[in-house]
Every structure is written in C-alpha cells, then in structure tokens.
Amino acid sequence: MAEFRELVERLAAESEDREYLLRRVHNYVRDEIKFGWTAQFDQAEADYTLAAGRGHCVPQVRLFTALLRELGFDATMRFVEIRRDILYGTFPDSFFALVPERICHAYAVVKFGEKVLNIDSFIADPQYFFNARSRLLGTEREVGFGIHRDGSINLSLEEDSFCQFADSSMMLKDLGRSDSVDEQSTHITKVAPFLSLAAILKLSPGLVSRLNEPIEEIRAPGVLLESVFKSYVRPGSKLVVSTLPRGLDEYRQRLS
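When the letters of the sequence shown are read in order and numbered with the numbering used here, they come out as residues 734 to 989.
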C-alpha cells in the first residue's frame, strides 16, 4: 500500500481544486495504467493494479474510485452485465472461446457538485485506444478490441464519459453498486465467477503474457499522432486541452 499512499499524498499536495483533482486522477489512471490482463484479473486490489501498471475495467475502476475516495470524493463502482463482444480481439482465440457470453463490466459513479458522473473513459490508455479504434472502425462492429466505436478517453464534467460502456443498451442486467472497498471482493466474486476463478488459480506470468499478446500487438506504435488528432477532434469542436490524451496536446497549435 506504500505506493498507493504516496500517490494519494502527492496528488493531494498538488491542489485543493476539485475539478483539477478529478481530471488529474482520471488522466493518471488513463495514461499510467495500461489496458490489459493481470494474474489477478477482477480480484486485483488498487495497490496491485498500481504496481502492475496494467488492468482492465474492474481493477482500473477500483483504483480510480479508491484514489478519489481518499481525496474526499463520493465515488463508487457500478457493475453491469454485458455481452462478451467488447472483448473480441483482446484475447487469443482459444481463450476467448472460453469466455462466457455474458460478462461483468464496471464503471465509476462520481458525485461532482450537483452532478452524478458515470465514467469509464480512463480504462483504455491513449496509444491502445487510438489503435484499437482504428481497427474497430475498419469493421462493422459496434464494439470490439476492448472499446466502443463511439467511445472517448476524454473526461466530461457535463455528461457521462465512456470508452467502453458508451451505449446504455449494452446493459443486459444491472448488477448494482459496491460502496466500500471491503464489499468489492465479495461483490466481484458473485457477479464475475469466471474471472474470479482465474484469479484464484494465480495464472503464471508466462500465461498472462500470452493472454496480453493481442493487446500488445494492437498497442504497438503505428498511428501518426497528427492523423489521430485530426480524426479525434471534430471540426468546430471546443477543444479542452487539459482533457486531451497525453502526447496529443502538443499538436494543438500546429494543427489549428
């Protein structure tokens, strides 16, 4: 927990401004925690995910909400059941065939002033998101490669921000909220027994590495940032530089 505690203290020392802290935590998790699988799958605690520098929806949402709660925010985890289609392309085919048709997805519910924001836009790191989105737009799929084709990795303070759960019709079943860290392990085991079993079995580093091969292949550099910037920021849109993925804001002046 030392690394987690140090991060909380560092963030708290930077500013007391609530908007700054919310954006800071969002962008930290988005930019520093790569989308991918770990040996503990959904059972990964916040400190484990922070140390691993990797995670998918449940571990990342767990880390995100834990950081926000430590900074004084009202932040909880919301669980929904969705189809496995969003995971298409993120596992080797042989493993994807074992994934149940219906899986658990998590996102954060954060109270900010009078607003309640639903957020999962931090789950895909920028390099992965843009490469995955490029692939997805080349298909007829709405979801796949771990993202939604209409998803975004920018945080909005006016509306919900999703890179995965971008369409509420994806929800097959509402699995409820987990309001405290102590409840989360029990809740996750109940709603996601398949991946919880994977965590209990303590997957070997070699197997975890193999499971991540499709994701790493997608993440590999190959998309020009300038092209990405032009396609990501729609003409006439109001650009909020503080919300842009790391590495793209430097192109603002050049492309304006």
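We put the beta carbon where it would ideally sit given N, CA and C, even for glycine.
As the structure is a computational prediction, the values presented were derived from the model and not from experiment.
As summarised for the segment 813–841, the continuous alpha helix (DSSP H) elements at least 4 residues long and confined to that stretch are 826–829, given in chain order. In this chain, the beta strand (DSSP E) harbouring I852 covers 848–852. Between the segment 817–826 and the segment 876–890 there are three or more inter-stretch CB-CB distances shorter than 8 angstroms, so the stretches are counted as touching. By the Cβ neighbour-count rule, T872 is exposed, with fewer than 16 other Cβ atoms within 10 Å of its own. The criterion of a C-beta distance shorter than 8 angstroms is not satisfied by T809 and R795.
Here L744 carries a helix assignment [DSSP, helix/strand/coil]. With a contact defined as Cβ atoms closer than 8 angstroms, I766 and Y861 miss out at about 11 angstroms. Of the other Cβ atoms in all chains shown, fewer than 16 fall within 10 Å of the Cβ of P825; this residue is therefore exposed. Secondary structure at S942: helix, using DSSP grouped into helix, strand and coil. The alpha-carbon of F768 is positioned some 12 angstroms away from that of Q897. Shortest Cα-Cα distance from L890 to any of F828, R874, L870, L850 involves L850.
Here S901 is exposed: its Cβ has fewer than 16 other Cβ atoms, across all protein chains shown, within 10 Å. Nearest to V762 by C-alpha distance, out of D853, G884, S937, is D853. With a 10 Å radius around the Cβ and a threshold of 16 neighbouring Cβ atoms, D858 comes out buried. Per the coordinates, the alpha-carbon of Q776 lies some 7 angstroms from the alpha-carbon of P792.
The shortest C-alpha to C-alpha distance from G939 to any of A779, T771, S748, R757 is the one to T771. When the Cα atoms are used, F797 and E742 turn out to be separated by approximately 15 angstroms. In terms of CA proximity to M734, A785 leads the group A785, S937, A746.
As computed with DSSP, H881 is found in a beta bridge with V876.
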